[in-house]
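Q: Below you'll find the structure I mean.
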């Protein structure tokens with residue numbers, strides 16, 4: 331099983347050994363597991379919640395919860411699926427306790443940026459990218475939580491419907507419906523950018 | 013009329029672009045797409061939109077964990093209280109006991125606490141509130157880490173209900189525990 335991030339996530343022998351050692355209280359083994367999954371968990375949290383101020387705390391909490399409960403991890407699903415469930419629940423709780431953020435909050439770019447750089451282009455290109463990104467973040471924020479999660483898992487995390495059903499804990503048909511409704515709502519919000527991307531730049535500004 | 017019919021296919025098209033459609037639904041959709049220019053256009057728009065979403069994060073790169081993140085997590089773990097949560101049935105029967113000193117200690121503590129509770133409830137009047145609450149400790153646990161709020165709420169409700177009803181007096185775990193601690197069978 332894999333996702334588009336290109337990380338092989340099958341529960342191999344080495345990972346099983348690390349999990350067993352971590353269950354036995356081996357902190358170094360658990361640290362190795364954190365190192366393996368920290369980028370993915372960090373990315374997922376940024377995709378699910380707005381506000382860079384909470385990402386560190388939530389990501390740390392994911393792994394601390396995982397450590398405390400690693401005895402409950404049966405290996406029936408992959409470790410990353412289990413970690414994703416923990417991250418998802420923490421993000422849901424964060425949304426509930428924090429309430430909706432005011433609009434127009436932007437993510438900090440931070441020092442440790444990853445991903446492909448914008449790649450030059452004209453100043454107009456840069457404006458387009460920033461505008462699109464801001465509107466996408468706002469659009470995701472405004473979606474009902476279950477649709478936001480479905481779109482993030484499918485379109486940004488590149489998970490299969492089966493994987494999503496396992497992480498979210500709903501039937502595949504429900505996953506399908508949530509993705510469709512979430513995409514449709516986002517499509518409407520981002521329609522001007524969509525038109526620009528289709529080769530008619532200039533109409534979105 | 014036609015639009016209503018097309019609307020039925022839009023969700024299928026969404027799954028189709030994710031390559032998550034098969035069987036009869038796939039055949040039905042492919043047949044419809046052959047005949048319907050509107051739905052073919054919708055499919056094209058959806059594919060472009062999906063590509064745009066996937067490209068979006070190259071517009072505004074996400075942050076990486078700060079250097080030393082994993083070590084920081086481990087240092088926070090080191091400062092946690094030593095007691096670990098051990099699901100009740102597995103504390104007695106699970107294979108994990110052999111590999112972990114801390115879990116072993118926690119399991120022993122849990123077993124001692126349960127034995128105390130079991131002994132205590134025998135001294136209480138049958139059906140007393142205290143006895144019912146004690147016996148509810150044998151309710152199977154949930155995976156707190158990955159359980160969502162709804163599952164936890166359900167578990168809490170069931171827990172409270174069982175506590176009120178005291179219906180776990182004869183559970184297998186209780187019996188096994190009692191037999192182990194009365195010396196009838198060796199502890200596994």
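Residue numbers (the working numbering), protein chains in the order written: chain A, 331 to 535; chain B, 13 to 200. Ideal Cβ positions, reconstructed from N, Cα and C, are used throughout, including at glycine.
#1: What is the C-beta distance between residue 384 of chain A and residue 413 of chain A, in whole angstroms, given that I count them as a contact (C-beta under 8 Å)?
#2: Can you give me, in chain order, the residues of the segment 363-379 of chain A that have a beta carbon less than 8 Å from any beta carbon in chain B?
#3: With distances taken from CA atoms, which of B:89, B:88, B:19 is nearest residue 51 of chain B?
#4: Return the residue from the list A:475, A:467, A:407 that minimises the CA-CA distance to residue 505 of chain A.
#5: For a quick check, are the C-beta atoms of residue 378 of chain A and residue 481 of chain A less than 8 Å apart?
#6: Please list the terminal residues of the continuous alpha helix (DSSP H) segment that includes residue 343 of chain A.
#7: If distances are taken between C-alpha atoms only, which option among B:43, B:33, B:17 comes closest to residue 490 of chain A?
#8: Would you be able to state if there are at least three C-beta pairs under 8 Å between the segment 457-465 of chain A and the segment 514-523 of chain A?
#9: Does chain A have any CB closer than 8 Å to the CB of residue 81 of chain B?
#10: If we define contact as Cβ-Cβ less than 8 Å, is residue 495 of chain A a contact residue for chain B?
#11: Contact criterion: CB-CB distance below 8 Å. Does residue 506 of chain A meet it with respect to chain B?
#12: Using 8 Å as the threshold, is the C-beta distance between residue 477 of chain A and residue 75 of chain B below it?
#13: Buried or exposed for residue 26 of chain B, going by 16 or more other Cβ atoms inside 10 Å?
#14: Residues in the segment 464-496 of chain A with C-beta within 9 Å of chain B's C-beta atoms, listed in sequence order?
#15: List the residues of chain A that residue 23 of chain B touches, going by C-beta distances under 7 Å, in chain order.
#16: For residue 357 of chain A, which of helix, strand or coil comes out of DSSP?
#17: Between B:21, B:86, B:72, which has its C-alpha nearest residue 368 of chain A's C-alpha?
#18: 8 Å is my cut-off, CB to CB: does residue 90 of chain B come that close to chain A?
#19: Quick one: what's got a C-beta closer than 8 Å to residue 64 of chain B's C-beta in the same chain, skipping five residues either side?
#20: Since I believe residue 394 of chain A is in contact with residue 88 of chain B (beta carbons under 8 Å), could you give me their beta-carbon distance rounded to a whole number of angstroms?
#21: If you check the beta carbons only, do residue 409 of chain A and residue 345 of chain A fall under 8 Å apart?
#22: Hey, would you say residue 593 of chain A sits closer than 8 Å to residue 469 of chain A, going by beta carbons?
#23: Beta carbon of residue 66 of chain B, beta carbon of residue 485 of chain A: below 8 Å?
#24: If you run the structure through DSSP and keep just helix, strand and coil, what is residue 212 of chain B?
A: If we stick to the structure as given:
#1: About 18 Å; that fails the 8 Å criterion.
#2: 364, 365, 368, 369, 372, 373, 376, 377
#3: Sorting B:89, B:88, B:19 by C-alpha distance to the C-alpha of residue 51 of chain B places B:19 at the top.
#4: A:475
#5: no
#6: Per DSSP, residue 343 of chain A belongs to the alpha helix (DSSP H) from 343-353.
#7: B:33
#8: The segment 514-523 of chain A and the segment 457-465 of chain A touch, with no fewer than 3 CB-CB distances between them shorter than 8 Å.
#9: yes
#10: no
#11: yes
#12: no
#13: buried
#14: 464, 466, 467, 481, 484, 485, 486, 488, 490, 491, 492
#15: Chain-ordered, the chain A residues with CB closer than 7 Å to the CB of residue 23 of chain B read 506, 507, 510.
#16: It is helical.
#17: B:86
#18: Interface flag for residue 90 of chain B against chain A is set, since a Cβ pair is found closer than 8 Å.
#19: none
#20: 6 Å
#21: yes
#22: Chain A is shown from 331 up to 535; residue 593 of chain A falls before or after that span and cannot be answered.
#23: With a cutoff of 8 Å on beta-carbon distance, residue 66 of chain B and residue 485 of chain A are scored as near each other.
#24: Outside the displayed range of chain B (13 to 200) lies residue 212 of chain B, so it cannot be described from this structure.
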